[in-house]
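In the numbering used here, the protein residues as written are 1319 to 1471. Note that CB positions come from ideal geometry on N, CA and C, so glycine has one too.
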(Lines of atoms letter the chains of each structure in order from A and count residues from 1; the text may use other names and numbers.)
(Lines give C-alpha, C1' and ligand atoms only; values in the text may rest on other atoms or scores of the structure.)
Protein backbone atom coordinates (compact mmCIF):
# COMPACT_ATOMS: atom_id res chain seq x y z
CA UNK A 1 0.00 0.00 0.00
CA UNK A 2 1.28 3.49 -0.69
CA UNK A 3 0.25 6.76 0.92
CA UNK A 4 0.30 9.39 -1.77
CA UNK A 5 0.65 13.09 -1.38
CA UNK A 6 -0.34 15.26 -4.29
CA UNK A 7 0.51 18.92 -3.98
CA UNK A 8 -0.97 21.55 -6.21
CA UNK A 9 2.11 23.76 -5.96
CA UNK A 10 3.11 24.46 -9.55
CA UNK A 11 1.94 21.01 -10.66
CA UNK A 12 5.21 19.23 -9.92
CA UNK A 13 4.84 17.23 -6.71
CA UNK A 14 4.13 13.58 -6.10
CA UNK A 15 5.28 11.48 -3.20
CA UNK A 16 4.58 8.48 -1.07
CA UNK A 17 5.80 6.30 1.76
CA UNK A 18 6.33 2.57 1.33
CA UNK A 19 4.49 0.63 4.00
CA UNK A 20 4.42 -3.06 4.82
CA UNK A 21 1.73 -4.78 2.75
CA UNK A 22 -1.74 -4.68 4.28
CA UNK A 23 -1.14 -1.94 6.85
CA UNK A 24 -2.32 1.61 7.24
CA UNK A 25 -0.30 4.54 8.53
CA UNK A 26 -1.86 4.22 11.98
CA UNK A 27 -0.61 0.62 12.19
CA UNK A 28 3.05 1.40 11.55
CA UNK A 29 5.60 0.88 14.30
CA UNK A 30 6.13 -2.16 16.50
CA UNK A 31 2.71 -2.05 18.20
CA UNK A 32 -0.11 0.22 19.27
CA UNK A 33 1.99 1.29 22.27
CA UNK A 34 5.19 1.94 20.27
CA UNK A 35 7.03 5.07 21.39
CA UNK A 36 7.38 6.24 17.77
CA UNK A 37 5.34 5.63 14.65
CA UNK A 38 5.67 7.05 11.15
CA UNK A 39 2.38 8.77 10.29
CA UNK A 40 3.09 9.90 6.72
CA UNK A 41 5.48 11.64 4.40
CA UNK A 42 6.15 12.65 0.84
CA UNK A 43 8.39 14.34 -1.70
CA UNK A 44 7.74 17.66 -3.40
CA UNK A 45 9.65 19.84 -5.85
CA UNK A 46 9.95 23.56 -6.45
CA UNK A 47 10.96 24.91 -9.85
CA UNK A 48 13.94 27.21 -9.20
CA UNK A 49 14.61 28.30 -12.78
CA UNK A 50 13.98 27.37 -16.37
CA UNK A 51 16.45 29.25 -18.61
CA UNK A 52 14.97 27.95 -21.87
CA UNK A 53 11.72 26.36 -23.08
CA UNK A 54 13.30 22.89 -22.90
CA UNK A 55 12.36 21.06 -19.66
CA UNK A 56 15.87 19.53 -19.65
CA UNK A 57 17.31 22.94 -18.74
CA UNK A 58 14.99 23.50 -15.78
CA UNK A 59 16.35 23.31 -12.25
CA UNK A 60 14.15 21.85 -9.50
CA UNK A 61 14.77 21.88 -5.77
CA UNK A 62 13.80 18.64 -4.01
CA UNK A 63 12.14 18.52 -0.59
CA UNK A 64 10.57 15.87 1.60
CA UNK A 65 8.53 15.80 4.79
CA UNK A 66 7.81 13.15 7.41
CA UNK A 67 5.21 13.25 10.20
CA UNK A 68 5.82 11.14 13.30
CA UNK A 69 3.57 10.17 16.21
CA UNK A 70 5.65 10.27 19.40
CA UNK A 71 4.40 8.83 22.70
CA UNK A 72 4.77 11.59 25.28
CA UNK A 73 6.85 9.68 27.86
CA UNK A 74 8.96 12.73 28.80
CA UNK A 75 8.91 16.49 28.30
CA UNK A 76 12.52 16.59 27.06
CA UNK A 77 12.99 14.63 23.87
CA UNK A 78 15.00 14.63 20.65
CA UNK A 79 13.07 13.51 17.56
CA UNK A 80 14.37 13.03 14.05
CA UNK A 81 15.25 10.80 11.15
CA UNK A 82 18.38 9.44 9.53
CA UNK A 83 18.15 9.43 5.74
CA UNK A 84 20.02 8.91 2.49
CA UNK A 85 19.23 9.43 -1.19
CA UNK A 86 19.60 6.02 -2.87
CA UNK A 87 19.71 7.58 -6.36
CA UNK A 88 22.67 9.86 -5.58
CA UNK A 89 24.31 7.46 -3.09
CA UNK A 90 24.62 10.20 -0.47
CA UNK A 91 26.00 9.47 3.00
CA UNK A 92 23.47 9.00 5.81
CA UNK A 93 22.33 12.36 7.17
CA UNK A 94 20.49 13.48 10.31
CA UNK A 95 17.41 15.72 10.27
CA UNK A 96 15.74 16.81 13.50
CA UNK A 97 12.01 17.15 14.03
CA UNK A 98 9.91 19.94 15.52
CA UNK A 99 6.81 19.64 17.67
CA UNK A 100 3.61 20.29 15.69
CA UNK A 101 0.52 19.31 17.71
CA UNK A 102 -0.95 17.05 20.39
CA UNK A 103 -2.55 13.79 19.25
CA UNK A 104 -4.97 11.42 20.97
CA UNK A 105 -3.96 8.82 23.56
CA UNK A 106 -0.89 10.65 24.92
CA UNK A 107 0.93 11.08 21.59
CA UNK A 108 2.36 14.17 19.92
CA UNK A 109 2.86 14.95 16.22
CA UNK A 110 6.40 15.90 15.27
CA UNK A 111 7.40 16.95 11.76
CA UNK A 112 10.66 16.73 9.82
CA UNK A 113 11.20 18.89 6.72
CA UNK A 114 14.30 18.44 4.54
CA UNK A 115 15.68 20.04 1.37
CA UNK A 116 17.51 17.41 -0.69
CA UNK A 117 19.20 19.78 -3.14
CA UNK A 118 18.79 20.85 -6.75
CA UNK A 119 18.56 18.77 -9.91
CA UNK A 120 18.02 19.44 -13.60
CA UNK A 121 14.89 18.38 -15.43
CA UNK A 122 16.58 15.29 -16.88
CA UNK A 123 18.13 13.96 -13.65
CA UNK A 124 16.32 11.21 -11.75
CA UNK A 125 14.44 12.48 -8.74
CA UNK A 126 15.54 11.44 -5.24
CA UNK A 127 14.62 8.13 -3.66
CA UNK A 128 14.84 8.71 0.08
CA UNK A 129 15.54 5.83 2.47
CA UNK A 130 14.88 6.69 6.13
CA UNK A 131 14.41 5.51 9.70
CA UNK A 132 12.90 7.58 12.53
CA UNK A 133 14.00 7.89 16.16
CA UNK A 134 13.11 9.53 19.46
CA UNK A 135 15.45 9.95 22.43
CA UNK A 136 13.64 10.50 25.76
CA UNK A 137 13.81 9.41 29.38
CA UNK A 138 17.31 7.99 28.80
CA UNK A 139 16.22 5.64 26.00
CA UNK A 140 16.30 5.70 22.19
CA UNK A 141 13.36 4.23 20.26
CA UNK A 142 13.44 3.53 16.49
CA UNK A 143 10.86 3.01 13.77
CA UNK A 144 12.74 1.50 10.83
CA UNK A 145 9.90 -0.45 9.20
CA UNK A 146 10.93 -3.66 10.95
CA UNK A 147 14.52 -3.38 9.67
CA UNK A 148 13.60 -2.57 6.05
CA UNK A 149 13.64 1.26 6.42
CA UNK A 150 11.01 3.47 4.78
CA UNK A 151 11.26 4.78 1.22
CA UNK A 152 9.96 8.03 -0.24
CA UNK A 153 9.91 8.13 -4.03
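Using a 10 Å radius around the Cβ and a threshold of 16 neighbouring Cβ atoms, would you call residue i buried or exposed?
{"i": "residue 1407", "result": "exposed"}
{"i": "residue 1434", "result": "buried"}
{"i": "residue 1444", "result": "buried"}
{"i": "residue 1392", "result": "exposed"}
{"i": "residue 1416", "result": "exposed"}
{"i": "residue 1465", "result": "exposed"}
{"i": "residue 1345", "result": "Any reading at residue 1345 needs caution, since the residue's pLDDT is 36, under 50, leaving its predicted position unreliable; the model's value is listed next. Exposed is the call here."}
{"i": "residue 1431", "result": "exposed"}
{"i": "residue 1419", "result": "exposed"}
Which residues in the same chain have their Cβ closer than 6 Å to the Cβ of residue i, if we skip the five residues on either side of it in sequence?
{"i": "residue 1456", "result": "none"}
{"i": "residue 1364", "result": "1379"}
Residue i by DSSP, collapsed to three states: which one?
{"i": "residue 1467", "result": "coil"}
{"i": "residue 1369", "result": "coil"}
{"i": "residue 1408", "result": "coil"}
{"i": "residue 1391", "result": "coil"}
{"i": "residue 1352", "result": "coil"}
{"i": "residue 1424", "result": "helix"}
Which residues in the same chain have their Cβ closer than 8 Å to the Cβ of residue i, if we skip the five residues on either side of it in sequence?
{"i": "residue 1421", "result": "1387, 1427"}
{"i": "residue 1394", "result": "1454"}
{"i": "residue 1424", "result": "1389, 1390"}
{"i": "residue 1436", "result": "1366, 1377, 1378, 1379, 1380"}
Residue i and residue j look like a contact to me (Cβ under 8 Å); what is the Cβ gap, rounded to whole Å?
{"i": "residue 1384", "j": "residue 1412", "result": "So it is not a contact: roughly 13 Å between Cβ atoms."}
Keeping to the same chain, check which residues put their C-beta closer than 7 Å to that of residue i; ignore five residues upstream and five downstream.
{"i": "residue 1440", "result": "1374"}
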